[in-house]
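All you need for our numbering is the position in the sequence shown, starting with 1, plus 27.
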Amino acid sequence: MNLDLLENQKNLVDFITNAYSKDRLTHAYIFEGKKGVGKNELAHLFACLLYSNNKLDLNSQTSKQILSDEHFNVFTIYPDGKNIKKDQIESLHNEFSKTSQIDGPRVYIINDADKMNVQSQNSLLKFIEEPQKGVYGILCTTNAKGLLPTILSRCQILRFNELDPRILEKALIKNGVTKEAACLLSYLTSDIDNALELNNDIKILNMFKMFNSFFNIKNDKDIVKYFNELSRLITDSAMLLDFIKLLIIVYEDILYLYNGSINIKLSAYAAKINKLSERLTLTKAMKSIDYLYDTSKKLSVSNVSVRNVITGLMFNLM
């Protein structure tokens with residue numbers, strides 16, 4: 028649970044908070060947005076709010092129980108394998124048909140709700156159609172269209188903003204990722220769990236080493252040695268696309284510097300990018316970024332040789 032992700036969803040946090048303070052909460056919500064943008068976090072914050080008595084304290088014992096999925100009145104469902112099965116929803120029915128062990132509102136949170144099959148959704152629909160007082164449901168999904176129209180019509184849909192890479196970078200650093208790696212990972216994925224997995228992938232770490240070494244190229248001998256090593260380490264098109272994506276950001280940042288901006292994207296590499304910009308003319312930087320854009324498109328849509336692409340980079344970037 029990483030509540031820092033909600034920095035990018037302040038409009039939705041404010042919306043839920045205001046609805047609660049004005050007693051205008053809906054019995055069922057759909058939180059739609061890309062993976063890793065904070066849907067599950069806001070769903071749990073919603074539950075904390077219900078037990079806050081107008082003074083939200085995320086360090087209280089109750090909030091800690093909710094955020095760790097240990098509260099008796101807050102139920103969280105995750106896919107069992109690839110799907111959310113009908114018996115998982117029926118278990119929810121059964122649980123809510125019993126008298127609660129403690130007083131207070133009850134909340135069910137269904138993550139990856141679009142992974143419910145038709146039987147599961149129909150079972151849930153019965154639950155939503157006859158809402159109990161003090162019961163709230165939140166369906167978190169990357170694709171609301173994957174839910175039945177009858178469910179959509181009975182829920183209020185809140186759409187999440189895409190995650191700002193700077194917020195993900197900050198969250199990764201809190202999780203022990205180095206500043207430079209966090210900076211790069213934040214532009215390769217918007218999902219913190221995926222980013223943490225990538226940070227332990229030796230191929231990704233080697234790619235990051237090559238990215239760092241890119242700034243050390245100074246002469247023709249360095250160029251040949253560097254791109255030969257790059258060909259040895261990067262052999263698949265997906266990783267090469269990621270590498271090119273990072274290079275595009277470098278050259279975009281160089282153009283920002285030429286335009287007088289100090290707010291570049293790869294802030295952890297500001298000093299290195301600034302030195303590289305001093306060795307490039309504006310014309311060269313613009314030609315390089317155009318070449319990177321074109322190469323990225325070709326690599327995405329056609330089966331081209333990775334080695335040939337890397338050779339092309341050697342002749343067109345330096």
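Cβ atoms here follow ideal geometry from the backbone N, Cα and C, with glycine treated the same way. Note that the structure is predicted; figures quoted are calculated from it, not measured.
In whole angstroms, what separates the C-alpha of residue i from that of residue j?
i: Thr44; j: Lys325; result: 47 Å
i: Pro158; j: Ile111; result: 21 Å
i: Asn100; j: Ser180; result: 26 Å
i: Glu122; j: Lys61; result: 30 Å
i: Ile155; j: Asn81; result: 26 Å
i: Asn35; j: Ile194; result: 7 Å
i: Lys142; j: Asn149; result: 13 Å
i: Leu52; j: Cys75; result: 14 Å
i: Asp130; j: His98; result: 12 Å
i: Leu77; j: Val134; result: 9 Å
i: Leu303; j: Leu151; result: 57 Å
i: Glu196; j: Asp269; result: 17 Å
i: Ile178; j: Pro132; result: 22 Å
i: Met266; j: Lys172; result: 31 Å
i: Thr216; j: Ser118; result: 34 Å
i: Ser79; j: Asp139; result: 27 Å
i: Tyr214; j: Phe235; result: 12 Å
i: Leu225; j: Ser258; result: 20 Å
i: Met313; j: Met28; result: 42 Å
i: Val162; j: Ala222; result: 35 Å
i: Ile244; j: Tyr253; result: 8 Å
i: Leu85; j: Lys109; result: 32 Å
i: Val328; j: Phe187; result: 29 Å
i: Ser332; j: Asp41; result: 50 Å
i: Asn255; j: Thr205; result: 27 Å
i: Asp114; j: Ser264; result: 42 Å
i: Asp247; j: Tyr283; result: 27 Å
i: Tyr56; j: Arg334; result: 49 Å
Pick from the options: whose alpha carbon is nearest that of residue i?
i: Asn227; options: Gly203, Glu189 and Ala295; result: Gly203
i: Ile165; options: Arg193, Tyr285 and Ile104; result: Ile104
i: Thr308; options: Met345, Lys113 and Gln148; result: Met345
i: Asn38; options: Lys153, Tyr278, Tyr253 and Leu185; result: Leu185
i: Asp218; options: Met237, Asn239 and Asp191; result: Asp191
i: Glu31; options: Tyr47, Glu59, Val331 and Gly63; result: Reading off the sequence, residue 31 comes out as Asp, not Glu. For the residues Tyr47, Glu59, Val331 and Gly63, the minimum Cα distance to Asp31 belongs to Gly63.
i: Glu305; options: Lys252, Lys272 and Phe242; result: Phe242
i: Glu59; options: Ser95, Asp96 and Leu174; result: Leu174
i: Asp220; options: Met237, Phe238 and Leu199; result: Leu199
i: Leu69; options: Lys49, Asp50 and Ser90; result: Ser90
i: Ile136; options: Ile116, Ser264 and Asn335; result: Ile116
i: Lys272; options: Ser288, Ser147 and Phe238; result: Phe238
i: Leu94; options: Ser87, His71, Tyr47 and Gln146; result: His71
i: Thr126; options: Asn144, Gln146, Pro106 and Lys160; result: Lys160
i: Ser124; options: Asn144, Asp96 and Lys153; result: Lys153
i: Ser48; options: Tyr56, Ile57, Leu33 and Phe73; result: Phe73
i: Tyr278; options: Asn343, Asp107 and Pro106; result: Asn343
i: Asn144; options: Pro106, Ser240 and Leu33; result: Pro106
Going by DSSP in three states, residue i sits in which element: helix, strand or coil?
i: Val101; result: strand
i: Tyr135; result: strand
i: Gly173; result: helix
i: Thr44; result: helix
i: Thr168; result: strand
i: Asp96; result: coil
i: Arg334; result: helix
i: Glu68; result: helix
i: Glu279; result: helix
i: Tyr318; result: helix
i: Asp84; result: coil
i: Phe241; result: helix
i: Gln183; result: strand
i: Tyr56; result: strand
i: Tyr163; result: strand
i: Asn266; result: The sequence shown places Met at residue 266, rather than the Asn named in the question. Here Met266 sits in helix by DSSP.
i: Ile111; result: strand
i: Met345; result: coil
i: Met28; result: coil
On the premise that residue j lies in contact with residue i, defined as a C-beta separation below 8 Å, what is that separation, rounded to the nearest angstrom?
i: Ile275; j: Ile337; result: Rounded, the Cβ-Cβ distance is 15 Å, inconsistent with contact.
i: Cys167; j: Lys66; result: 4 Å
i: Ile281; j: Ile261; result: Contact doesn't hold; Cβ gap of about 22 Å is too wide.
So that I know if they touch, is there some Cβ in chain C lying closer than 9 Å to that of residue i?
i: Pro106; result: Chain labels in this structure do not include chain C; a single protein chain is all it has.
I want to check one thing, is the minimum distance from the CB of residue i to the heavy atoms of the ligand NAD below 8 Å?
i: Ile275; result: You won't find the ligand NAD in this model; it holds no ligand whatsoever.
Inset, instruction - Indicate whether the contact test is met: 3 or more Cβ pairs, each with one atom in the stretch 228 to 247 and one in the stretch 307 to 322, closer than 8 Å. - result: no
Inset, instruction - Kindly confirm or deny that the stretch 204 to 213 and the stretch 282 to 296 touch, where touching means at least three C-beta pairs closer than 8 Å. - result: Contact between the stretch 204 to 213 and the stretch 282 to 296 is present, because at least three Cβ pairs lie under 8 Å.
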